[in-house]
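*Asks:* For reference, the structure I am asking about is given below.
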Amino acid sequence: MASQSFVIRSPCSSANIGPGFDVIGLALSMFLELHVTVDPPASSTENYPLNCKITYEGEGEDEISLDPEVNLITRVALYVLRCHDQRAFPKNTHVHVKNPIPLGRGLGSSGTAVVAGVMLGKEVGGLHHLTMERLFDFILMIERHPDNVGASLFGGFVGTYLKPLTPEDTARVEIPLSEVLPAPQGGVDTGDRPPEPPVGIGHHIKFPWAGEIKAVAIIPEFEVPTAKARQVLPAEYPRNDVTFNLQRIALLPVALGQSPPDPELIYLAMQDKLHQPYRQTLIPGLTEIVESMTTATQPGLLGVCLSGAGPTILALATSNFEEIASRIIKKFEENKITCSWKVLEPAEGTTVVRTK
Ligand SMILES: Nc1ncnc2c1ncn2[C@@H]1O[C@H](COP(=O)(O)OP(=O)(O)O)[C@@H](O)[C@H]1O
Ligand SMILES: N[C@@H](CCOP(=O)(O)O)C(=O)O
1 MASQSFVIRS
11 PCSSANIGPG
21 FDVIGLALSM
31 FLELHVTVDP
41 PASSTENYPL
51 NCKITYEGEG
61 EDEISLDPEV
71 NLITRVALYV
81 LRCHDQRAFP
91 KNTHVHVKNP
101 IPLGRGLGSS
111 GTAVVAGVML
121 GKEVGGLHHL
131 TMERLFDFIL
141 MIERHPDNVG
151 ASLFGGFVGT
161 YLKPLTPEDT
171 ARVEIPLSEV
181 LPAPQGGVDT
191 GDRPPEPPVG
201 IGHHIKFPWA
211 GEIKAVAIIP
221 EFEVPTAKAR
231 QVLPAEYPRN
241 DVTFNLQRIA
251 LLPVALGQSP
261 PDPELIYLAM
271 QDKLHQPYRQ
281 TLIPGLTEIV
291 ESMTTATQPG
301 LLGVCLSGAG
311 PTILALATSN
321 FEEIASRIIK
331 KFEENKITCS
341 WKVLEPAEGT
351 TVVRTK
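Residue numbers are given in full-length UniProt numbering: position 108 of the sequence shown equals residue 108, and the series is strictly consecutive.
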């Protein structure tokens, strides 16, 4: 194989946007980058496990493993490679990760890592036949809700859905994650072929987004693991709460595509009763923050919701971003929580730029 170098760039995401639990995702302008070189003739990295050297800078640099059998991005790439009978990375693969996405904050850091990992497997494996739609199948074998990963892969403001599968394919999709991404084997290759995804598990549709609308992310300093934020959700819901969300989800994509934006309509369309009320047990002040920020009392504001599984708060607005962020930061301060904040914009999906 000839030497090659390329950059994979994947946007972070804000999932749900209020009522769209496990359905709606928005790709935002903060990007995980993988700077990859594959250089077969050199010898410097030949002894790295699975032929892959990882270096890392940015969010999580003190905690993310640089072992390719443990690191989420390279484990996912290996899953794609092993489904195509390639047991390791090509000789002398170097992946330099640049990650500005804070971990465990509801901005899709793990989903973005999975999306970038699948793309890494495709590129280093020379698997050019894998379309974006097929990559989505691989992603959904790992991250089993399509909203955040759909946004990171395809970009923009998306609605995502899973197609009904045959009973055999359903069984394959439900295979435990530990069989898709096996536990590290200490460098020993068991030779097992992982389960390949069924074709056409997940789909997406792009919604319009009014250019005036920006996303203000208020990011608390503490983490809420998504798995934990899903455990607090009930198995069943009162019918009225489901109807409440259905009424709002029918409005949301239209309301956010209209220019000029209608603040009252958007504020209403961003209400939720299916996940936010339950997650307040993990996020002190959540309900009060969402209820205290209104379009009547805050010029420029369009609506407020939890970003993904939290704890980040997403405020959609057309102006006065700093004032909006300050008000929400103050509310968190009442619970002794400090925050940072950023103004983000809708972003394009995952790209690969070849430099050699
Ligand atoms: N760039 C990355 N490289 C490797 N692992 C990552 C990366 N980003 C996230 N992760 C993994 O995902 C975990 C966070 O996932 P999760 O709880 O779903 O939160 P989030 O809402 O940020 O996606 C991190 O603790 C880490 O294990
Ligand atoms: N629909 C999911 C989205 C999780 O997004 P993340 O950014 O927190 O990983 C959920 O709400 O659990």
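Heads up, the beta-carbon is just placed ideally off N, CA and C, and yes, glycines get one too.
Just so we're clear, the structure is a prediction, and the values are computed from it rather than from any experiment.
(1) Tell me whether Met119 sits in a helix, a strand or coil according to DSSP, three-state version.
(2) Do Leu34 and Ile73 have their C-beta atoms within less than 8 angstroms of each other?
(3) Does the separation of the CB atoms of Lys214 and Gly285 fall below 8 angstroms?
(4) Taking all protein chains shown into account, decide if Thr166 is buried (16 or more other Cβ within 10 angstroms of its Cβ) or exposed.
(5) Would you list the one or two residues that DSSP bridges to Ser29?
(6) In chain order, what residues of the same chain have a beta carbon less than 7 angstroms from the beta carbon of Pro49, not counting five sequence neighbours either side?
(7) Whose C-beta lies closer than 8 angstroms to the C-beta of Gln86 among residues of the same chain, with five residues either side of it excluded?
(8) If Gly111 and Asn148 are in contact, beta carbons under 8 angstroms, what's the gap, nearest whole angstrom?
(9) Any heavy atom of ligand 2 inside 7 angstroms of the beta-carbon of Gly111?
(10) To which residues does DSSP link Arg9 through a beta bridge?
(11) Taking only the alpha-carbon atoms, compute the straight-line gap between Asp189 and Val216 and give it to the nearest angstrom.
(12) What's the gap between the Cα of His96 and the Cα of Lys53?
(13) Looking at Val180 and Pro194, is the spacing between their C-beta atoms short of 8 angstroms?
(14) Beta carbon of Leu135, beta carbon of Val118: below 8 angstroms?
(15) Would you say Val242 faces chain C, with C-beta separation under 8 angstroms as the test?
(16) Tell me whether Ala116, by its Cβ, gets closer than 7 angstroms to a heavy atom of ligand 2.
(17) When DSSP labels each residue in this structure, what does Gly111 get in the three-state scheme?
*Replies:* According to the data block:
(1) helix
(2) yes
(3) no
(4) exposed
(5) According to DSSP, Ser29 bridges with nothing at all.
(6) Asp67, Pro68, Glu69 and Gly187
(7) Gly125
(8) 4 angstroms
(9) yes
(10) Glu33 and Thr351
(11) 45 angstroms
(12) 8 angstroms
(13) yes
(14) yes
(15) The chain inventory of the structure shown lacks chain C, comprising one protein chain alone.
(16) no
(17) helix
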